[in-house]
Every structure is written in structure tokens, then in C-alpha cells.
Amino acid sequence: MFNFLLNKPLGKYKNVIKKINTFYKIIEEYSDEKLNKQTTKFKLILQNEKNISIESILPEVFATAKEAIKRATGLVLFDLQLIGGIILHQNNIAEMKTGEGKTLVAILPAYLNSLNGKSVHIVTVNDYLAKRDSLLAQKILSYLNVKVGLITQDVEYHYRKQEYKCNITYITNSELGFDYLRDNMAIHQNEIVQKDFYYAIIDEVDSILIDEARTPLIISGKTEFKHSFYEESKDIASSLINQEDYEVDEKSRNITLTEKGITLCEKKLEIKNLYDANSPWIKYILNAIKAKELFIKNRDYIIKNNEITIVDEFTGRILEGRRWSEGLHQAIEIKENIQVTAENKTLASITYQNLFLLYKKLCGMTGTAKTEENEFFKIYKLNVIEVPTNKPCKRKDLADLVFQSEYYKWQAVADECLDMYKIGRPSLVGTTNIEKSELLAKMLDKLNIPYNLLNAKPENLSREAEIITQAGRKHSITISTNMAGRGTDIILGGNPYKLAEIIINKYIKQQLTSENSTMNKSINDDFFHIKHILKKINLKGLKIAIQSNTNRESIVSTMLSDKTQKNSITDVYNNIVEIYKISCEKEKNEILNLGGLYVIGTERHESRRIDNQLRGRSGRQGDKGTSRFFLSLQDNLFRIFGGSTIENLMKKLNINDNTPIESTILSQSLNAAQKKVESYFYDIRKKLFEYDEVINSQRQAIYTERRKILKSIYTKDCIISYGEETINEMLTIYEKNNKTTKIQILTQILQLLSINNHVNPQELNKMNYKDIKYFLYEQLRISYDLKEAYLEQLRPGLIRQLEKYYLLQQIDKAWQEHIEKMNLLKEYIGWRSYGQQDPIIEYKNEAFTLFINMITYIRQTVIYLILRSRLIINT
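Residues are numbered in our numbering as their position in the sequence shown, beginning at 1, plus a constant of 514.
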């Protein structure tokens, strides 16, 4: 049984697995009631026995969770899944291939780490996965008396605190980050929703900590609107010619104006220097050219509800509510003739690297992490441990086919789909963006080949689970943009449970609404085959369940978990599942005889990891399968990073445009190009992390001070401390100056403390330094006590409210201005390298000075405002 454990580093888990399975044999005899009491038992052990660590109870806890999983789902975890759970608990990344049950594995360490009462977050890449996984976890953990929370984009802010209080909370990475930033902008303690960050399990960890780590999370506010700048910049950009007036660097997605282009812009704008610090034009013009050359509709964004909606380049999903910053979003709106919205100003920001480093314990799981293991260790101190598949992988990864022309590549892909459709072999075609997926769809339309299209467009995205469920059935052709983070396995022959759910959903919709549900051919055939069973569904009283559930895919799930609705649908659901089990198993055997799922890649991605994610959809759980990439020299990877080596090779071979090349040299060149790209983007992430590390220490200092003020009941000591620090800072400057300047500095201090009418700076200057300091300390306290007595007499408690208000207001205002200055500093600091200076060291030095200036500004402004506060009572 433990043969797979003989290889290091997994051999060390052998004894733990034996213990878990020994406990499991005992626990599977427990009643539901006794199983439910296990959680209370574990908590008491951890609370009352001092020498007991969480590791010592791991075997029994994992065995308990294993039994709960079996009772809730009917699935018994295999030993490799238990190892995956141990790896996660030990703060590592578990690399587990598609179909190996990562969703269930996460429940083991999450349950274990929730027993000490601290926060446990399971972080997913999108709302769909968070909802789906939390529903499954609720079903399992209800056996163990553990509360499961869920936070997605739809969860209103006032409910979030309750969800975070649950033992385990499922949440998307972006919502986690935005809640953290919002909490640190809160003006009242009750507005804070998150608890301390303790333990996080990141699903699709490479997608979140690598792909999305290139861009920081930003909370923005509206700024002054300058419509004419965008309009005129668009007109100028339209008149400029690529390669003559500007150069496009697709690798770094940047624009550089040539001398000719600069002169042309200055002439059109009637200005002397485009790069003058007081001229705003350069930013708008460069954004207009970026919008024109680098940001393409149906690749980088779609137009939804007459708004520009960003498409995530890594997952092919739309990013609701996200906007490009620095005026780029507005430039794209102008380009597409859409109403321009006001530009955003950064109010708070954090990188994913520094967000997840806030956790005391961090781990993750994915099917593809080995290629980035150095980065995981260097930045996050996470080791990647590969967990073998439960059954050997039988997938064949065929050599790439490279065409000289993109036209012939797409023709070959369409022909391959036709051949697979004819023999009945299911095929998944991965494309890099919406535009390419729709191009192939049109080609298949002309060949009269039925297909399912899955991309970021709302009409396709709403059927995601159904499309993926159908992708493993005979004759199915599925075209999809990037498959990262889809989270739904492609099961050969179809998933009987999902198919039953989909068909009942559609039947109920048809019967109780006027909607004409569209069905693909395979579902339609099944529909008529089992119509006599569907007619047994009691439709009375189901209208409310449907009206309260906008997600068509979850109507059946909701009714099956609702005690009042369960009886009306359970028998029908179970009957249909049994019918599908027989037909799906038969169909699976037929597909395996044809070779299993055929995955077709239409372009190599910038990262080998994302190619592996696509390949990994085939050959799950020991199934047969095949993958092959169809490429052309016009693909981005060749064009931007591949250099001329491959093109020269193909020219020397003198091969026709429509004849593909399949060679080891080509594959090696492609791998070298991908490694070059991975290295390039790693440098970008590393640089972003290095720069954000500087501001991160400042962010932590500001946020800690802010939290302290929010939680504090008595803030007078904070104000007095600010005042004394300000006096010290100004007296340090006073000591270094001549007599005239010294009088000016003392006058400023007296004005700041609002005592300039009572104390003569000339007389004060005659005292020694120590006496001046203690005299000013005393005057500060007297002045403040008088202000407090005055305000308390008018309205009791007002002074404490004012203190908190001014402290938070000035901290937030100063911090936002500081972020803006730091962003500007980051933009121009790179030029210091031309003066033989290290930009990052220069950035640290300048950032420190800016931070000290900000702190000084906050202290002085708070003291100035509060000592001049007046209560105006309207009569």
C-alpha cells in the first residue's frame, strides 16, 4: 500500500498515514452524534493540556475529517490526499494534478488549524469556485459542528464581519485584499470586518502568487475630470505613425516617442517642451497610444453594459469593478467612444506578495508549481512538494506542430476538430483570448461542426459549469480561453451528478417560466429519453425557490439541501443519476478506446506552467489522453521573444506554408523562449516586490498607528505625545540656526500651540534649550486642558470625538498624498542608474525622507487643528 512512499521526500509521512488510518477504522464506527462531538473534544485538549501541540492531534483530526467527507460525499480519501493535507499543514505548496481532489484535501488542514479559534481562510481565484467549494465544505463540516463562511463580490459589507467570524472562511483573493485595505481606511472600530491573519490555504497558488502578483491591489477615489485632454490626445495618437513617431515595446508594454514624434506633438499642442514638469500632456498622449496599439478589444477587455470591462489575461475571466489606473482606462473609453468616467486617485494599495506575507502560516495547492519553485521559496519561503497521482498518468504529449503562417495553423486546428468530431473523440481547444476563440468558432460553423464556446463574454460564462461538464462526452468540441482556475474536472463520458442537476434545472425552468432553454445535442437527446421521470417532479411550490435563486446551475443544489424542498426532488434526481451512471460509464469506455480527451493548444503561453494547466485537463485519474500544440511563427511568443532563429531555420528548410514542422530543435527553441519570458516577468515581480517592501514597512507603521487610535478610548495621550514630538523636532532645527531664524522658529511653535498672544518669543529665546523645551511642554498641556474644558462645557465627550476625527482624517489625507509621491518617485528613480547610482537604494533613501516629512506633517496639522477647534451653535 505504501510503495509510492518509498521515494523521498514523501517517505517521511508513512508513519503518520498509518496512524490516521488506524484512527479512521475506529471513528467510522461512531454515530453522527459522537462524530459531531469530536470538535469540542479537540478544542478542550488544546485549551487544557499545556504540552499538547496541534501536530500531536493531527492523525485523529485528519481521520475525523476523512470520515466526515465519506459521510457527506460517499468518497473515501486515498493516502496521497492525506499526504497533500499534511504538506499544506506544514506550510508548503502541494503540487497535485487536475482531478486529484484538491478541494477535499484543503478541508483537512483547514479543520485542524481552526481548532485553536484563530482565523482560517481558503482563498480561491474566483467567486464561482468560492461558492462551490464552500457549499461542499458546509455539507462536510456540518458533521463536525464547524461553521463555514463565504465572501464573494456579492456579499454586502455589513454581513462580512459575520462571515469572517466563522471557523473557516472561503474568499476570493481580490476580496481578501480589498477588505484588508478598507479595514485600514475605517473611521470606526465597528467597520473593521477582518480578524488577525493566521492561516491561509491558497487554491491555484501559482495563479494568485505568481500571475496576479505583477499588479498591486488598489482602492481608488475620483479625481478632477479633464475630458478635453483625453479627446485631444486621442486625435494626436491617431495622427502619429508606428515606427516613425513612436516605438512599441510589446515585451514591457511600453511606448517611446521618437524625436520626430515629440516635435510633432509639441507642434500640434503649441507647447515648447512636451516633457516639461509643469506640462500634463505626456501622460495622456502615451496612454492614448497604448490604447491604440497595446490594448485590444476582445483580448484585453470587452464592452459590457456600455462599459469597458477588463479581461484577466491569465484566466480568461472578466474582472468586474476593476479599472486600469493612471488615466489608461479613460484613454480606452475614448478610443471605444464610450462615456468617459473620472480618473481614479490611489487611496490605498498593497501587492499580493505583502498581503499574503501578513499570514503567520501560509500554504497553497495547484497542479503546476514546480517551474516557479525558486520564486515561491525566495519571496514566500514556501517549498513546492510534488504529490504523485493516485493512478499513473497515461497522457501522451505529442510534439508541437509549427506552421509558417497563422492562417494555415488555424486551418489545421479546424481540420483536426473535424476529424475528432467524426470519430466521436472529445476535444478541448485552448485559445489565448476571446478574439481567437471566436475566430475558431466561425471556422467550425462553416464546417458545420457543433461546439461549445467558453470565454469571458457573459452569454458564454453563465454556462461555464455545464460546458465543462459536457466537455468529456462523445463528439463534443469545446473551445475555451485559458483554463487556469476553472476548477471543474472534465470527466470522460460526463459527470452523472452534474448532468442530472443540469437537466432537472432546465426542465424546471422550461415548465415554470417562459424561458426557452437552449440545450446542446447530447443533453437534448437525454432530455427526451428521461422525460417520463422528469414529469414526476412536483412543480407546486417550486416557483419561490427559483425566483430566489438567480443562478440557474444551483436550483437543484439549493432544493436538495433545503429540507422542505428535498422530498419533492430527491427520488427523481437519484433515478436520473443512476440512469446516467450506466450511460456515462459506457460512453467513457468508448472514449478511452478512441484515446481519451484530446487537448489542442493553439499558442504557447508566456509561461510553461499555463501550458501545463491546459495539458493537465487530459489524462485525469489514470485516464488515457493526448495533447498537442499547433503553433505559427506569427504567434506572440515567437514574434516578441523567439528571435529570428526559428524563422531562419524554417526558411533554410524551404518548406511550404501549409506544411508543419515537428522537430526537437524547434521544441528546444520554444522552451528557451518560454524560460526567457518567465525570467523576464519574474524580474518584474521581484522589482515590484522590492519597491513595495519599502512602502510596506511604512504601510504597517501607519496602519498600526491607525488601529491603535481606532481601538483607543482615551486619545488625549496620543495628542500630547504628538505635540511633544513636534516641539522636539522644531527645537532641533532651532538649535542649529542663527538668532534671527531662532526667533522665527519660536514664533512658529507658539503659533502652532495657540499661545503666541501670551508668550514673547524674544523673552523665550533668552532661556537655555532645556528650559525652553520643558516650558513649551507645560504650555502645551495648559493650552490643551483649557481647550478640553471649553469644549466639554459646551458638549460633553466632544473633545474625544474631535481627537479621533482629526487624527484619522489627517493620517488618511497625508498617507494618500504620500502614496502619490511614492508612485511618482518610482517612475523617475530609474533614471538615477545613468548616474551610476542604484535606483532601489536611492528609492529607499528618498522614501525615508518623504515618510519622515509625512509624519511631521500629520503631527503638526493635528495639533494645529485641534487647538483651534470651535463649536458653532446655530440658534
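No residue lacks a Cβ here, since even glycine has one placed at the ideal position from N, Cα and C.
Going by DSSP, what residue range makes up the beta strand (DSSP E) through residue i?
{"i": "Asp911", "result": "Lys908 to Asp911"}
{"i": "Tyr713", "result": "Tyr713 to Asp717"}
{"i": "Ala608", "result": "Ile607 to Glu609"}
{"i": "Lys884", "result": "Run containing Lys884: none; DSSP gives neither H nor E here."}
{"i": "Asp933", "result": "Element bounds for Asp933: not the beta strand (DSSP E) but the alpha helix (DSSP H), Glu920 to Ile937."}
{"i": "Asp763", "result": "Tyr760 to Asp763"}
{"i": "Ile1044", "result": "From DSSP, Ile1044 is part of no beta strand (DSSP E); its letter is neither H nor E."}
{"i": "Leu771", "result": "Asn768 to Leu771"}
Going by beta carbon distance, what residues of the same chain come within less than 6 Å of residue i, once the five residues before and after it are set aside?
{"i": "Gln708", "result": "Tyr678, Asp693 and Asp697"}
{"i": "Leu869", "result": "Gly691"}
{"i": "Lys1095", "result": "Pro1010"}
{"i": "Glu1101", "result": "Lys988 and Gly1007"}
{"i": "Leu912", "result": "Arg1142"}
{"i": "Phe537", "result": "Pro573, Glu574 and Ala577"}
{"i": "Ile846", "result": "Ala805, Phe809 and Ile822"}
{"i": "Ile531", "result": "Asp593 and Leu596"}
{"i": "Ser1121", "result": "Glu1192"}
Between which residues of its own chain and residue i is the CB-CB distance below 7 Å, once the five residues before and five after are set aside?
{"i": "Val669", "result": "Glu677"}
{"i": "Ala644", "result": "Thr638, Leu664, Thr666, Tyr684, Ile685 and Thr686"}
{"i": "Ile571", "result": "Phe556 and Ile559"}
{"i": "Lys584", "result": "Val590"}
{"i": "Ile732", "result": "Ser839, Thr860 and Ser863"}
{"i": "Tyr1236", "result": "Arg1373, Val1376 and Ile1377"}
Report the partner residues of residue i according to the DSSP bridge assignment.
{"i": "Asn966", "result": "Thr992"}
{"i": "Tyr815", "result": "Lys811 and Ile824"}
{"i": "Phe1144", "result": "Leu915"}
{"i": "Lys875", "result": "Tyr713"}
{"i": "Val530", "result": "Answer is none; Val530 lacks a bridge partner."}
{"i": "Leu1111", "result": "Gly1139"}
{"i": "Ser941", "result": "Ile991 and Tyr1112"}
{"i": "Ile864", "result": "Leu731"}
{"i": "Ile899", "result": "Ala608"}
{"i": "Asn756", "result": "Tyr760"}
{"i": "Lys555", "result": "Beta-bridge pairing links Lys555 to no other residue."}
Does residue i pass the burial test, meaning 16 or more other C-beta atoms within 10 Å, or should it be called exposed?
{"i": "Thr1178", "result": "exposed"}
{"i": "Asp1285", "result": "exposed"}
{"i": "Lys923", "result": "buried"}
{"i": "Tyr1342", "result": "exposed"}
{"i": "Phe1362", "result": "exposed"}
{"i": "Thr1078", "result": "Its pLDDT being 49, under 50, Thr1078 is placed unreliably by the model, and nothing is read from it."}
{"i": "Gln1025", "result": "exposed"}
{"i": "Gly944", "result": "buried"}
{"i": "Thr777", "result": "exposed"}
{"i": "Gly999", "result": "Legend: pLDDT at Gly999 = 48, less than 50; position of this residue unreliable, value from coordinates given subsequently. Looking at its Cβ environment, which holds 16 or more other Cβ atoms inside 10 Å, Gly999 is buried."}
{"i": "His1272", "result": "exposed"}
{"i": "Arg1066", "result": "Bear in mind that a pLDDT of 46 at Arg1066, under 50, signals an unreliable position, so the number given afterwards is only what the model happens to contain. Under this definition Arg1066 is a buried residue."}
{"i": "Arg1203", "result": "At residue 1203 the sequence reads Phe, which differs from the Arg that was named. Buried is the call here."}
{"i": "Tyr921", "result": "exposed"}
Please list, in chain order, all residues of the same chain as residue i whose beta carbon is under 8 Å from its beta carbon, the five residues on each side excluded.
{"i": "Gly1130", "result": "Lys611, Thr612, Gly881 and Thr882"}
{"i": "Trp795", "result": "Phe743, Ser747, Cys779, Leu783, Ile785 and Leu788"}
{"i": "Met934", "result": "Pro940, Ser941, Ile991 and Tyr1112"}
In terms of residues, what are the limits of the alpha helix (DSSP H) holding residue i?
{"i": "Thr903", "result": "Taken as a continuous stretch (DSSP letters only), Thr903 belongs to no alpha helix (DSSP H), as it is neither H nor E."}
{"i": "Thr1370", "result": "Pro1353 to Leu1381"}
{"i": "Gly599", "result": "Asp593 to His603"}
{"i": "Ser951", "result": "Ile948 to Lys960"}
{"i": "Gln1324", "result": "Leu1312 to Ile1343"}
{"i": "Pro794", "result": "Looking at the DSSP string, Pro794 is not in any alpha helix (DSSP H), and its letter there is neither H nor E."}
{"i": "Pro730", "result": "Note, Pro730: premise wrong, no alpha helix (DSSP H); not H, not E."}
{"i": "Asp546", "result": "Asp546 to Asn550"}
{"i": "Lys971", "result": "Per DSSP, Lys971 belongs to no alpha helix (DSSP H) and is neither H nor E."}
{"i": "Phe576", "result": "Leu572 to Thr587"}
{"i": "Lys1256", "result": "Lys1253 to Leu1266"}
{"i": "Arg1123", "result": "Arg1122 to Arg1129"}
Write down every uninterrupted run of the beta strand (DSSP E) in the segment 628 to 690 whose length is 3 residues or greater and which is fully enclosed by it, in chain order. 634 to 638, 662 to 665 and 682 to 686
Run through the segment 1166 to 1238 for me and flag every whole alpha helix (DSSP H) of 4 or more residues, listed as ranges in chain order. List check, alpha helix (DSSP H) in window: 1178 to 1225.
Quick one: complete alpha helix (DSSP H) runs, 4+ long, within the segment 1272 to 1306? 1275 to 1279
At 3 residues or longer, what runs of the beta strand (DSSP E) sit wholly inside the segment 830 to 855? Counting only runs of 3+ residues, no beta strand (DSSP E) is found wholly inside the segment 830 to 855.
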